[in-house]
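Notes follow the structure.
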Amino acid sequence: MAGKTGSTPATYSPSPATRKKKRTPIGDADWVRPDNRSFYQCRPAYLRTGAVSTAAGSAYAEFGNTKVIVSVFGPRESKKAMMYSDTGRLNCNISYTTFATPDHGQGSDNKELSSKLHKALEGAIILESFPKTTVDVFALVLESGGSDLPVVISCASLALADAGILLHDLVASVSVSCLGKNLVIDPVSEEESYQDGSLMITCMPSRNEVTQLSITGEWSTPKTNEAMELCLGACSKLCEVMRSCLKDAVTDSKE
Amino acid sequence: MAAVNGSSDLSSEMEVDAFRRLFPLRYHEYHLLKSVRPDARKLGSARDTTLALGAVASADGSALAKIGSTTMLAAIKMEVMTPTVECPDEGSIAIEFHMPPICSPLVRPGRPAEAAEVISKQLSDTIFSSGMIDLKELCLVGGKAAWMAYLDIYCLDADGALFDAALLSAVAAFSHLNIPVVSLNDDGRIVIVSEDNVRGKLEKEPVNKEKRKLKLNSPLFSLTCILHKNYILADPTAEEESIMETVVTVVLDSSYQLVSLYKPGGPVLAHTSVIQDCVALARRRVKELQNVLNEAISDMEVD
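Line by line, the protein sequences are chains A and B.
Residue numbers for the first sequence follow UniProt numbering, beginning at 1 and rising by one.
Residue numbers for the second sequence follow UniProt numbering, beginning at 1 and rising by one.
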């Protein structure tokens, strides 16, 4: 720890009450989402490529309060310890800033999310196109505002495209939360904290292929179907936004 | 790839690029002979600098600083601590500088960059020794409670002159800092006075009604220069830093008083006249940075 104190004294946040909000009665007919969106409406997405000049490719994504940066490095030499491999390797890492969450965190790497990101992207990348080498995908969550993993995955596929890595298709990811009787798409942190179940789909819309599907919590079959339809629809719309972002970047650089 | 269908002027561009990679030092020295740098800057001029305050919604104070492509995001979170016995009426500041793997191809996850630790220490030394912030201002209840300001600076894009950008973002974050209004509750803990409480029944008198802003005695600004042969290059890029190794960092306060000066080794010796030239360049830079900071603050007030 830096600072004058040498060893940092124990501190506490003066606002512990904010996280103990009473649970909103979600069963009510007149329940509204914390940001006044309708249930099937995604947050406005802002995407931009080329956020980091020193990376081979990079992208910045902002969905409401969720803000992430993804950098792609490589293809570059694999670590010495790695065995020979005919196909390329993918290496993913997600970390959080100390101010990403309301309490002052440690800002450490998140191994669980990193492996999920790896699994979500693996199927979309043509690994045969860079044998013996590694592509590194590093993500930093600047602010966590809910649906962090889907945002990171979508942003990462945009960064891969920006780096010129061969892909079968762009990967878009959207999650849906189940709150009582309601399904809400693209949940914010508050909704995620009291959700009954969550479903996330990561897919390549133009090939109609799903690279990752995760369902947690309690789901009935009709609900699952409805949620999947919702996610797939939102994914293809998100993919359009991502595609136009890439096109804009190219036309901007030509001018 | 582009060279396959490239026209003649593209192929000559490729040659320059190849020369740049194969003989980086000679490439740069050709430029220096003509008193210009590869990015068309003069030797003594710094890159375009921008500053945006309040970039992080969840923090009490934050700023995003850009010098050329070098990008820094600084955020301050205020927490409460019990002051030490030696200084019962002083708060504290914990400064940390992070270089996440996204910022540069040289940083790998799991292994913190050496440069990050060096800059972390350099920043806290500079800020504490300058007296820019009076730690007594951070006191809440003498001997019982004081603020601990966690200042975290993240490098989002590392393209040279990291210390300058980090210091600029830190100073800007402190000038953007809004200290929350707090009161002492019955358990002896400090709690935030929420908006509703202010309007409705006020249970406890706030302990820091007046001290909502942190007073900065004299903001600090810095300029890093590279010394190579008898050239002085202000505000180097990452490429320049990797080729020419001698750097000098000058930190001045807003009345141009010298606060600190770092010259961490390097093959070029710094004579008095060279140091004086560096300080003169830094003075000019302080003027620019003061304008940048003032503009950012007034932009914030308009919104």
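Cβ atoms here follow ideal geometry from the backbone N, Cα and C, with glycine treated the same way.
Since I believe residue j is in contact with residue i (beta carbons under 8 angstroms), could you give me their beta-carbon distance rounded to a whole number of angstroms?
i, j, result
"residue 198/A", "residue 177/A", "5 angstroms"
"residue 17/B", "residue 54/A", "So it is not a contact: roughly 17 angstroms between Cβ atoms."
"residue 173/B", "residue 74/B", "4 angstroms"
"residue 181/B", "residue 12/A", "The pair is not a contact, with the Cβ atoms about 17 angstroms apart (cut-off 8 angstroms)."
"residue 120/A", "residue 174/A", "At roughly 12 angstroms, the Cβ-Cβ gap does not stay under 8 angstroms, so residue 120/A and residue 174/A are not in contact."
"residue 247/B", "residue 239/B", "Contact flag wrong, Cβ pair sits at about 14 angstroms."
"residue 52/A", "residue 103/B", "7 angstroms"
"residue 189/A", "residue 192/B", "Contact doesn't hold; Cβ gap of about 19 angstroms is too wide."
"residue 63/B", "residue 65/A", "Between residue 65/A and residue 63/B the Cβ distance is about 18 angstroms, and since that is not below 8 angstroms, they are no contact."
"residue 144/B", "residue 70/B", "Their Cβ separation, rounded to whole angstroms, is 42 angstroms, which puts residue 144/B and residue 70/B out of contact at 8 angstroms."
Which of the three DSSP states, helix, strand or coil, is assigned to residue i?
i, result
"residue 55/A", "coil"
"residue 36/A", "coil"
"residue 90/B", "coil"
"residue 233/A", "helix"
"residue 200/B", "Model confidence at residue 200/B stands at a pLDDT of 46, short of 50, so the residue's coordinates are unreliable and nothing is read from them."
"residue 258/A", "Outside the shown range of chain A, which is 1 to 255, sits residue 258/A, and nothing can be said about it."
"residue 136/A", "strand"
"residue 130/A", "coil"
"residue 251/A", "helix"
"residue 275/B", "helix"
"residue 253/B", "strand"
"residue 312/B", "Chain B is shown only over 1 to 303; residue 312/B falls outside these bounds and no answer can be derived."
"residue 84/A", "coil"
"residue 29/B", "helix"
"residue 244/B", "coil"
"residue 48/A", "strand"
"residue 228/B", "strand"
"residue 195/A", "coil"
"residue 155/A", "helix"
"residue 76/A", "strand"
"residue 153/B", "strand"
"residue 112/A", "helix"
Checking contacts by CB at 8 angstroms: is residue i closer than that to chain B?
i, result
"residue 131/A", "no"
"residue 126/A", "no"
"residue 35/A", "no"
"residue 249/A", "no"
"residue 21/A", "Confidence in residue 21/A is poor, its pLDDT being 48 and thus under 50, which makes the residue's placement too unreliable to answer from."
"residue 61/A", "no"
"residue 14/A", "yes"
"residue 134/A", "no"
"residue 95/A", "yes"
"residue 118/A", "no"
"residue 11/A", "yes"
"residue 54/A", "yes"
"residue 142/A", "yes"
"residue 240/A", "no"
"residue 258/A", "Chain A is shown only over 1 to 255; residue 258/A falls outside these bounds and no answer can be derived."
"residue 108/A", "no"
If we cut at 8 angstroms on Cβ distances, does residue i have a partner in chain A?
i, result
"residue 80/B", "yes"
"residue 148/B", "yes"
"residue 162/B", "no"
"residue 238/B", "yes"
"residue 105/B", "yes"
"residue 59/B", "yes"
"residue 180/B", "yes"
"residue 190/B", "yes"
"residue 38/B", "no"
"residue 109/B", "yes"
"residue 77/B", "yes"
"residue 152/B", "yes"
Checking 8 angstroms against the spacing of the C-beta atoms, do residue i and residue j come in under that value?
i, j, result
"residue 65/B", "residue 169/B", "yes"
"residue 274/B", "residue 227/B", "yes"
"residue 233/B", "residue 33/B", "no"
"residue 160/A", "residue 167/A", "yes"
"residue 165/B", "residue 67/B", "yes"
"residue 57/A", "residue 72/A", "yes"
"residue 187/A", "residue 235/A", "no"
"residue 114/A", "residue 92/A", "yes"
"residue 39/A", "residue 182/A", "yes"
"residue 214/A", "residue 61/A", "no"
"residue 90/A", "residue 151/A", "no"
"residue 146/B", "residue 155/B", "no"
"residue 148/B", "residue 188/B", "no"
"residue 136/B", "residue 60/B", "no"
"residue 50/A", "residue 249/A", "yes"
* Segment contact, 8 angstroms Cβ cut-off, at least three pairs: the segment 140-149 of chain A with the segment 85-103 of chain A -> The segment 140-149 of chain A vs the segment 85-103 of chain A: in contact.
* Decide yes or no for the touch test of the segment 233-247 of chain A against the segment 42-53 of chain A: beta carbon pairs closer than 8 angstroms, at least 3 of them. => Contact holds between the segment 233-247 of chain A and the segment 42-53 of chain A, because three or more Cβ pairs, one in each stretch, are under 8 angstroms apart.
* Between the segment 250-258 of chain B and the segment 216-225 of chain B, are three or more C-beta pairs nearer than 8 angstroms? -> Yes: at least three Cβ pairs fall under 8 angstroms.
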